[in-house]
Every structure is written in structure tokens, then in C-alpha cells.
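Visitor: Protein chains in written order, with the working numbering: chain A, 1 to 87; chain B, 1 to 382; chain C, 1 to 296.
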Amino acid sequence: MERYEADTTLSYPCIGAAGKTGGWRDFKPVIDQANCIKCLRCWAYCPENAVKRAEDDSVSIDYDYCKGCGVCANECPKKAIAMQRED
Amino acid sequence: MTTMFDVGNKVAAKAVQLCRPEVIAAYPITPQTVIVEELARMVEAGELSAEYLRVESEHSVMAATCAAASMGVRTFTATSSQGLAFMHEMLHWASLSRLPIVMINVNRALGPGWSIWVDETDSLSQRDTGWLQFYCESSHEVFDSIIQAYRIAEQILLPVMVNLEGFILSHTYEIVDIPDQGGIDRFLPPSPPRECLDVDNPSMFGSTTDYYINFRYKMHAGMEKAKVVCREVDDAFKKEFGRGYGLLHAYLCEDADLILITAGTIAGTCRVVADRCRAEGLKVGVLRIRVFRPFPGELICEALKSAGKVAVIDRDFSPGCGGIFAQEVKAALQGTLPGLPVYEFIAGLGGKDVTDTDIESIIDQTGEMSKPGECKWIGLLK
Amino acid sequence: MDRSAQIKFPIAAEELVRSGHTACPGCGAVLAMKYVLKGLGPRTMVVIPPSCAGTIAAGFPFCALKIPVLRIPFETTAISASGIRAALDVMGKKDIHVLAWAGDGGTFDIGIQALSGAAERNDDIIYVCYDNEGYMNTGIQRSSSTPEGAWTTTTPSPYVKDTPKKDIIRIMAAHKIPYIATASIGYPSDLIKKVNRAKEIKGTKFILIFSPCPTGWRYSPDMTIRIAKLATETGIFPLYEVEDGEKYLLNPGRTLKPVKAYFSVQGRFRNLTEENLQWFEEKVRKEQAYLSRMAG
Numbered sequence: 001m002e003r004y005e006a007d008t009t010l011s012y013p014c015i016g017a018a019g020k021t022g023g024w025r026d027f028k029p030v031i032d033q034a035n036c037i038k039c040l041r042c043w044a045y046c047p048e049n050a051v052k053r054a055e056d057d058s059v060s061i062d063y064d065y066c067k068g069c070g071v072c073a074n075e076c077p078k079k080a081i082a083m084q085r086e087d
Numbered sequence: 001m002t003t004m005f006d007v008g009n010k011v012a013a014k015a016v017q018l019c020r021p022e023v024i025a026a027y028p029i030t031p032q033t034v035i036v037e038e039l040a041r042m043v044e045a046g047e048l049s050a051e052y053l054r055v056e057s058e059h060s061v062m063a064a065t066c067a068a069a070s071m072g073v074r075t076f077t078a079t080s081s082q083g084l085a086f087m088h089e090m091l092h093w094a095s096l097s098r099l100p101i102v103m104i105n106v107n108r109a110l111g112p113g114w115s116i117w118v119d120e121t122d123s124l125s126q127r128d129t130g131w132l133q134f135y136c137e138s139s140h141e142v143f144d145s146i147i148q149a150y151r152i153a154e155q156i157l158l159p160v161m162v163n164l165e166g167f168i169l170s171h172t173y174e175i176v177d178i179p180d181q182g183g184i185d186r187f188l189p190p191s192p193p194r195e196c197l198d199v200d201n202p203s204m205f206g207s208t209t210d211y212y213i214n215f216r217y218k219m220h221a222g223m224e225k226a227k228v229v230c231r232e233v234d235d236a237f238k239k240e241f242g243r244g245y246g247l248l249h250a251y252l253c254e255d256a257d258l259i260l261i262t263a264g265t266i267a268g269t270c271r272v273v274a275d276r277c278r279a280e281g282l283k284v285g286v287l288r289i290r291v292f293r294p295f296p297g298e299l300i301c302e303a304l305k306s307a308g309k310v311a312v313i314d315r316d317f318s319p320g321c322g323g324i325f326a327q328e329v330k331a332a333l334q335g336t337l338p339g340l341p342v343y344e345f346i347a348g349l350g351g352k353d354v355t356d357t358d359i360e361s362i363i364d365q366t367g368e369m370s371k372p373g374e375c376k377w378i379g380l381l382k
Numbered sequence: 001m002d003r004s005a006q007i008k009f010p011i012a013a014e015e016l017v018r019s020g021h022t023a024c025p026g027c028g029a030v031l032a033m034k035y036v037l038k039g040l041g042p043r044t045m046v047v048i049p050p051s052c053a054g055t056i057a058a059g060f061p062f063c064a065l066k067i068p069v070l071r072i073p074f075e076t077t078a079i080s081a082s083g084i085r086a087a088l089d090v091m092g093k094k095d096i097h098v099l100a101w102a103g104d105g106g107t108f109d110i111g112i113q114a115l116s117g118a119a120e121r122n123d124d125i126i127y128v129c130y131d132n133e134g135y136m137n138t139g140i141q142r143s144s145s146t147p148e149g150a151w152t153t154t155t156p157s158p159y160v161k162d163t164p165k166k167d168i169i170r171i172m173a174a175h176k177i178p179y180i181a182t183a184s185i186g187y188p189s190d191l192i193k194k195v196n197r198a199k200e201i202k203g204t205k206f207i208l209i210f211s212p213c214p215t216g217w218r219y220s221p222d223m224t225i226r227i228a229k230l231a232t233e234t235g236i237f238p239l240y241e242v243e244d245g246e247k248y249l250l251n252p253g254r255t256l257k258p259v260k261a262y263f264s265v266q267g268r269f270r271n272l273t274e275e276n277l278q279w280f281e282e283k284v285r286k287e288q289a290y291l292s293r294m295a296g
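1. Where does residue 183/B fall in DSSP's three states?
2. So, is residue 238/C buried or exposed, given that buried needs 16 or more other C-beta atoms within 10 angstroms?
3. At a Cβ threshold of 8 Å, is residue 60/C touching chain A?
4. What beta strand (DSSP E) runs, 3 residues minimum, are completely inside the region 59 to 101 of chain C?
5. Can you list, in chain order, the residues of its chain whose CB lies under 8 Å from that of residue 259/C, leaving out five sequence neighbours each side?
6. Extract the residue ranges of the alpha helix (DSSP H) inside the region 107 to 169 of chain B, only unbroken runs of 4 or more that lie entirely within it.
7. Can you give the beta carbon distance from residue 1/B to residue 178/B, rounded, assuming they're within the 8 Å contact cut?
8. Could you name the residues of the same chain whose beta carbon sits closer than 6 Å to that of residue 9/B, not counting the 5 residues immediately before and after it, in chain order?
9. With 8 Å as the threshold, decide whether the Cβ of residue 384/B is near any Cβ in chain A.
10. Distance check for residue 211/C and residue 61/A, CA to CA, integer angstroms please.
11. Establish whether the CB of residue 21/A and some CB of chain B are separated by less than 8 Å.
12. When the Cα of residue 328/B is compared with those of 92/B, 295/B, 253/B, 78/B, which residue comes out closest?
13. Does the count of Cβ pairs from the region 56 to 63 of chain B and the region 75 to 94 of chain B closer than 8 Å reach three?
14. Apart from the five residues on each side of it in sequence, which residues of its chain come closer than 7 Å, Cβ to Cβ, to residue 305/B?
15. Cβ atoms of residue 47/C and residue 65/C: under 8 Å apart, would you say?
16. Residue 142/B versus chain C: which residues are under 8 Å apart at the beta carbon?
17. In whole angstroms, what is the alpha-carbon distance linking residue 98/C and residue 61/C?
18. With a threshold of 8 Å, are at least 3 pairs of Cβ atoms found where one atom belongs to the region 73 to 80 of chain A and the other to the region 211 to 231 of chain C?
19. Looking at the structure shown, is residue 245/C part of a helix, part of a strand, or coil, going by DSSP?
20. Taking Cβ positions only, does residue 270/B come closer than 8 Å to chain F?
21. Quick one: residues in its chain with C-beta nearer than 7 Å to the C-beta of residue 383/B, no 5 flanking neighbours on either side, listed in chain order?
22. Counting only beta-carbon separations shorter than 8 Å, does residue 55/B have a partner in chain C?
23. Tell me where the beta strand (DSSP E) around residue 79/B begins and ends.
24. For residue 105/B, does the three-state DSSP call read helix, strand or coil?
25. CB-CB under 7 Å to residue 255/B, same chain, minus the five flanking residues each way: which ones, in chain order?
26. Shorter than 8 Å from the beta carbon of residue 294/C to some beta carbon of chain A?
27. Quick check on DSSP: helix, strand or coil for residue 283/C?
28. Thinking C-alpha only, which one of 240/B, 272/B, 358/B, 223/B is nearest residue 130/B?
29. Count the CB pairs spanning the region 361 to 371 of chain B and the region 7 to 18 of chain A that are closer than 8 Å, and state whether there are at least three.
30. Per DSSP, which residues does residue 250/B bridge with? Please list them.
31. For residue 32/A, decide whether its Cβ has a neighbour in chain C, counting only Cβ atoms nearer than 8 Å.
32. What are the start and end residues of each continuous beta strand (DSSP E) run of 3 or more residues lying completely inside the region 177 to 253 of chain C, in chain order?
33. Could you list which residues in chain B have their beta carbon closer than 9 Å to that of residue 71/C, in chain order?
34. Under DSSP, the beta strand (DSSP E) around residue 60/A begins and ends at which residues?
35. What does residue 181/C touch in chain B if you count any residue whose Cβ is under 9 Å from its own?
36. List the residues of chain A that residue 21/C touches, going by C-beta distances under 8 Å, in chain order.
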């Protein structure tokens, strides 16, 4: 039985669905690795999943997508993340 | 082949059973209730293997049906007038999602004034929702159209609405020949899978898009193909089961001076009156439109090509415009038979009987008027 | 190596929400989705109506979620989930979770008929309402979930919303569904624990997730988690579960902070007076007394 092709909107998962949202920032988080205790709160609380977690549970920021909301800095128990003005 | 002697609603339910739907969503509304009751009985008795959702409103009925159909399973539902109007948003959703849903609509007048009796405005006012629409004249045709509807829907991926008149067909008895399940299974293979909603290959269905106009164009292409597919499926059905209907039924139209155009059971009365007229030397023909969407304009022009006058009898009404079949016929004739006068009549609204006397009056009035004027209303009470 | 974060909150490592979505910086709603999907895992299908979540899930041809998503009309969240469940059952795929995901507008208001219907039928779905207390996606209009005293674009100052926040938990409890929970993005491990409980139960599960919205509530985005915690610390949004509509299980109790701590950091409550704050304190006391009574 012949089937006529029907196109409908099918979207596929990808990173950066809204583009490189790092461009949205005014402030960027900078991690003081020396003071980081690897509690992973920043990783857990990031709405963007822009805190990258390494095998040893150390963290780094994915600046391509970080929107600079500052939740990580606010929640860090060691105040090891500073929000620095970007130009 | 077995024989069934029952009301139209039960005949319809039997057809649905034989098509093996997998998910049924139901909400009761007169005069459809017997369909959903019979399907519930079949499911409980083990005669039909389907998930049956007893939903809390018609809008939810169509939402559930759309969601299930999005998974690729065969679905079914039924409704009428107020319920059909309530699910209007979802009717658009079903066709824009390209879902092969089959739904029975038992034609009933919209209120107020409150009415449970037949009137085709309910389904005709949904004509822009992208559903194919069939208007049936007998329980036999309802039965056959449901089976054809699934095959058509699953080929072109547009939903199909099979209409039957409330009480006139839904609640009257008819003898119907029922093909066996094997024959139906050969005619109607299992519903095709859909390429979405798969956890192993995730995707999102239905998001915002700039390609909206393209997807609409594809729907248009689907509807155009549907004109061909409806005929092919009807031919295949005739070959398999010995009966077919076409998109139109033309009765004595080849040499008719006056052709009555209508839909549904009024056509039967028209044919009786046409025979009487012929006996008196008046050449009357009857054209019953069975498939309203896609509108078979070319076939209608072909059927009317020798007529001198055409009278459209609408069991429906679009305020500020007139009878809906009349408008569509006039638009189809434009450019092909521009000189053919179309006389418009509104009759049978709210379940008012359309009798042979009414049809004779329509024929007389058409004969008397040299050219068509406003649409004429038959059966207004004094 | 076990990739779940063990310290203080066990959370699975896999990310099913991809970076670079359209949510506002500091969005609470997307955090709710992140945590729920950490609990449910990839064998989940979600239905999403027009809402912040719908917009966050992105436009054709992209998708920010790594699970199958069906976009559905606004009022049909619960019934669409039920339809998917029926289809999955027919197809024999009973191990796939069906997640109904709607905001407070789509749950408390326009979606309540379908939700009540699904709950009465006890359809086997997990219904999550992420509560940002307004129609945020369309521009911060009030919903029946907006609390008293809040500014919104349809309750602009000096008129503020003057009717109470609709008590959706009592409404759902009246349906006697097997599991209801309140949760908050401020407490992700508690939220995920509740999601894990829900997914083991057959029937309708309802989880209300407190999801602060910096854009609508008028606060600096870095305060999202802080405000979520303050809501629970002040008793404004207590955390508890309800089994079968009758058995109340409260999260461990605490001494509550004054409500002012919660209201004073949000611009939408700028017009609250001392008298209003007293009224809220009394309301919190009554709610605490009610919950204690129900928990027995």
C-alpha cells in the first residue's frame, strides 16, 4: 500500500538550541580552584548545566553557554566563585 | 459474510470493532451514546481488544486520541454537535499533526434552541479543520465508510470524519451484510508506525517553526491526493466486498433539466420524487455529495454539465452566507459552468422532516423562478 | 566509577537537559525539569503544553531535552499523558515513564478539568506542576496560583492579587490519588527522592515543584535557590507528601524564620505592609497547624 509522505515538525535534541547563550552574560563566574572543595553544589544548581564536572569531581565553567546568572557563586559554601564583570 | 439487523449506531460500532482500533476515547452525547456503549460492552466482553478511556469531556476525548495516535496506534472516537464544537481546537490539532484518526460524528443541531435532532451545521462548520468528511445515506454506507476511512487516513495521514444523521440513521434499523474479520484484515493492514516519540531516538513533535507554511502546503497536497485515494480505496473495497459508492452518487443526471443536489438521507426522498417527476415528463436528476472534504469540484461539474438548473438542498446554514453545500457548489461551478443557475434551499434544520411534498415544492419553486435569488427556507412554521 | 554526587545529595550524572536553552538566566522551571529527569532517567516521555517549559524545549529543528517530547495544547496536559500511556500499554512498553509537565497556569486554571479527570480515573502518569506562580511565559500575568499581595501584569499596582493561592494539594488529595508531594528546587535531593517514590507507584502521581522565577518575581537571578529555600524556611511553601489523599508525611520540622525574610527579597511584593506580613504569619501558623493535624 503506497504511503504518501507527510512532513511534520520533528525537532532533535542538541546542545545550544538557542545558540551560544554565553553571549547573554554581563558577569562571568570565575572559580578559585584552590578553595574549591568539590562539593558539586555549583554543578547541581546550575540551570544551564554549564558547570562541567571532571572525573575527579573538579569543576569548570562552559563559557559558551553560561548565562552569568550567578546562582553558582551565591550557593558556593566556600565563596570560591566570583562574578566578574565582562565587557 | 453474516447479516446484521440493528440500529445505525450499532452497525457503526461493529465496523469499528472489525477495524481493530487500539485506543478508544469516549464521552457520551445524544445521539452517539449507543456507539460508545456498544464499544464498551465489546471491550468488557473480550470482543474488542482496546484501551478504552472514559474521558471527562469531548475536548479531552480528542486530546487523548491525538496523543495516542501520535504514538502510531490505531484510534477511534465518536461525538456529535456540541461535543464536536467543543473539540474544535483539537480538530485543527489532529489534522495539523497529520494524524490518521477516524471519528464518527452523528449529525445533530447546535443550540440554543436546544435540539437533539438532525442538522448538518455541526460538521459543516468544521469544514476548515483539515478533516476529510463523508456524508452517509444508509447504515450500510456508514459501515463501509468507516472501514474505507481507516485505509484512506493511514495512507494520506489526515483524519477522517464519517457523518451519519442523528436518529434518522443512528437509531433506525437496517439489514447490513457484514464481511468476516479475515476480509477486513486483508483490506486493512495494521496501522503504520510513526517516527517520533521513541526513547531510543528522542525527538520533539510539534514545536514552533518558520516552516509552518510548508507544512500547510503539504496538507494541501495531501488533500489533493485524497481525491484520488478516496476513489482508489472505494474501488478496492468494491472489488473485495462487492459494494462501492464513489465520491458522488449521480441519479438520472445525464439528461436532467433540473438536478437536485443534497447530502445524506434527503437524497433518498429526492430520488423517489425524481422518479415521480419523470413519470410526469419532468426530467429531474439527483446528485448526492458523499465526500465533502476534499470537495470533489471537478466531478460535480462533470455530473452537472448537461443540466439547465440546479437546486441545492442544505440541511445546514451559515448565517450571513447561506447553505454551505450551495456555496461550495457555486464556487466549484465558477469558471467551468458559469452560466448554470444554482437555486438555494434551506430545509430540515433542527431535525425538521424533509418530506416528498417539500421536495416537490422545491422543484416547483425552481421551475417558477427565472433566476436564483436569495436562498429559500422550506418548512418555516407559521 | 559511581558518577552520582554523593555529598549531601545523591544526583545522577547524566544530563537530559542540554545547555544553551532559551530559559532566562537563573530560571527555576528548568531546574525543576533537570532534577525530575535526573530521577526518571532517559526511558521517559514528556508532554509539554505552551508554557515556559514549552519555549525552553526550543523551536524546530532543535530540542533542548534528550527525551521524546510531545507538544500539546494548553489545557490537555493530563489527558495527553493519559493518551500516551494508553498507547504505550497497548504497545507493551510498560517500563517507559509518562511525564505530564505543566506550569501553574496550565494546572490550576485551564488544565484542571483534564487533571481532575485523569486523577479520578487514576491514570498511570506522573503529573509535575512547576509552580512559578503566574503565566510567566506570556508576560507575568496572574494565575490562580499567584499568592495574595503579588504584583503581576494583570494585577498591577496599586491593585495586587487579592484572592488566596488556590490550594491544589487539597484538591488533588480529594481525588484520593496514590501519591502527592510538594517539592522545591531549593532541595534537589528531596525532590529527586520524591520523584523516585512516585515512579514506583502505579496510578496518578502529582508533584508540585516550587520554581522561583527571577523575571516574574523581580529579584536578581543569583537568588533563585536562596528564595526557594526561604519559602520553605519561612513556612510559605511547606514540604510534605500525601498518600492516598489521607496519609500526610511531613518533611522534618524546623523553627520557621519570619516571613519577611522571604517577601522582602522579591520586587513583586514591594507593596506589602506590616499588617500584610502579620496576616501572612498567621496564615503560615494555621497551615502548620493543619498539616500537623493531618499528619497525626
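Just so it is clear, CB atoms sit at the ideal spot from N, CA and C, and this is done for glycine as well.
Guide: Based on what the coordinates show:
1. Mapped onto the second sequence, residue 183/B falls at position 183. In the structure shown, residue 183/B sits in a helix (DSSP, three-state: H, G or I).
2. Within the third sequence, residue 238/C is the residue found at index 238, counting from 1. Counting Cβ neighbours within 10 Å, residue 238/C comes out buried, since at least 16 surround it.
3. Stepping through the third sequence from its first residue, residue 60/C is reached at position 60. At a cut-off of 8 Å between beta carbons, residue 60/C contacts chain A.
4. 69 to 71
5. The count along the third sequence starts at 1 and reaches residue 259/C at position 259. Excluding positions up to five away in sequence, the list reads 234, 235, 236, 277, 280, 281, 284.
6. For the alpha helix (DSSP H) assignment, the uninterrupted runs of no fewer than 4 residues enclosed by the region 107 to 169 of chain B are, from N- to C-terminal side, 121 to 124, 139 to 156.
7. Residue numbering aside, residue 1/B sits at position 1 when the second sequence is read from its first letter. Residue numbering aside, residue 178/B sits at position 178 when the second sequence is read from its first letter. Contact holds; Cβ gap of about 7 Å.
8. Position 9 of the second sequence, counted from the start, is the residue given in the question as residue 9/B. Cβ neighbours of residue 9/B beyond the five flanking positions: 34, 35, 170.
9. Outside the shown range of chain B, which is 1 to 382, sits residue 384/B, and nothing can be said about it.
10. Walking along the first sequence from the start, residue 61/A turns up at place 61. Walking along the third sequence from the start, residue 211/C turns up at place 211. Roughly 24 Å separates the two Cα atoms.
11. One-based indexing of the first sequence puts residue 21/A at position 21. So, not an interface residue.
12. Looking up residue 328/B in the second sequence gives position 328. Distance check between residue 328/B and each of 92/B, 295/B, 253/B, 78/B places 295/B closest, using alpha-carbon atoms only.
13. yes
14. Indexing the second sequence from 1 puts residue 305/B at position 305. Excluding residues within five positions, the ones whose Cβ falls inside 7 Å are 337.
15. Indexing the third sequence from 1 puts residue 65/C at position 65. Indexing the third sequence from 1 puts residue 47/C at position 47. In this structure, residue 47/C does not lie closer than 8 Å to residue 65/C by Cβ.
16. The residue you call residue 142/B lines up with position 142 of the second sequence. The contacting residues do not exist; residue 142/B stays about 26 Å from chain C at best.
17. Here residue 98/C refers to the residue found at position 98 of the third sequence. Here residue 61/C refers to the residue found at position 61 of the third sequence. Approximately 23 Å, taken between the alpha carbons.
18. Judged by Cβ distances under 8 Å, the region 73 to 80 of chain A makes contact with the region 211 to 231 of chain C, as three or more pairs qualify.
19. Against the third sequence, residue 245/C aligns to sequence position 245. Reduced to three states, the DSSP call for residue 245/C is coil.
20. Among the chains of the structure shown, chain F does not appear; the protein chains present are A, B and C.
21. Since the displayed chain B opens at 1 and closes at 382, residue 383/B lies outside it and no answer follows.
22. Counting from 1 along the second sequence, the entry for residue 55/B is found at position 55. Closer than 8 Å to some Cβ of chain C, the Cβ of residue 55/B qualifies, so yes.
23. By 1-based counting over the second sequence, the position of residue 79/B is 79. It spans 75 to 80 - the beta strand (DSSP E) in which residue 79/B sits, taken as one unbroken run.
24. Here residue 105/B corresponds to residue number 105 of the second sequence, with the count starting at 1. Note: residue 105/B maps to strand in three-state DSSP.
25. To locate residue 255/B, count along the second sequence from 1; it is residue 255. Excluding positions up to five away in sequence, the list reads 283, 306.
26. As a first step, residue 294/C is located in the third sequence; it is residue number 294 there, counting from the start. Answer no: the Cβ-Cβ gap between residue 294/C and chain A never drops below 8 Å.
27. Residue 283/C sits at position 283 when you count from the first residue of the third sequence. Residue 283/C falls in the helix class under three-state DSSP.
28. Taking the second sequence and counting its residues from 1, one reaches residue 130/B at position 130. The option with the nearest alpha carbon to residue 130/B is 223/B.
29. no
30. Counting from 1 along the second sequence, the entry for residue 250/B is found at position 250. DSSP output for residue 250/B lists 287/B as bridge partner(s).
31. The residue given as residue 32/A occupies position 32 in the first sequence. Judged by the 8 Å Cβ criterion, residue 32/A is not in contact with chain C.
32. 179 to 184, 205 to 210, 240 to 243, 247 to 250
33. On the third sequence, residue 71/C is found 71 positions in, with the first residue counted as 1. Going along chain B in sequence order, the residues near residue 71/C (Cβ under 9 Å) are 204, 205, 206, 207, 208.
34. Numbered from 1 along the first sequence, position 60 holds the residue referred to as residue 60/A. Segment 59 to 61, the beta strand (DSSP E) holding residue 60/A.
35. Sequence index remark: in the third sequence, residue 181/C carries index 181 (1-based). Those do not exist, as residue 181/C stays about 24 Å from chain B at its closest Cβ, beyond 9 Å.
36. In the third sequence, the residue the question calls residue 21/C occupies position 21. Those are 17, 18, 21, 48, listed as they occur along chain A.
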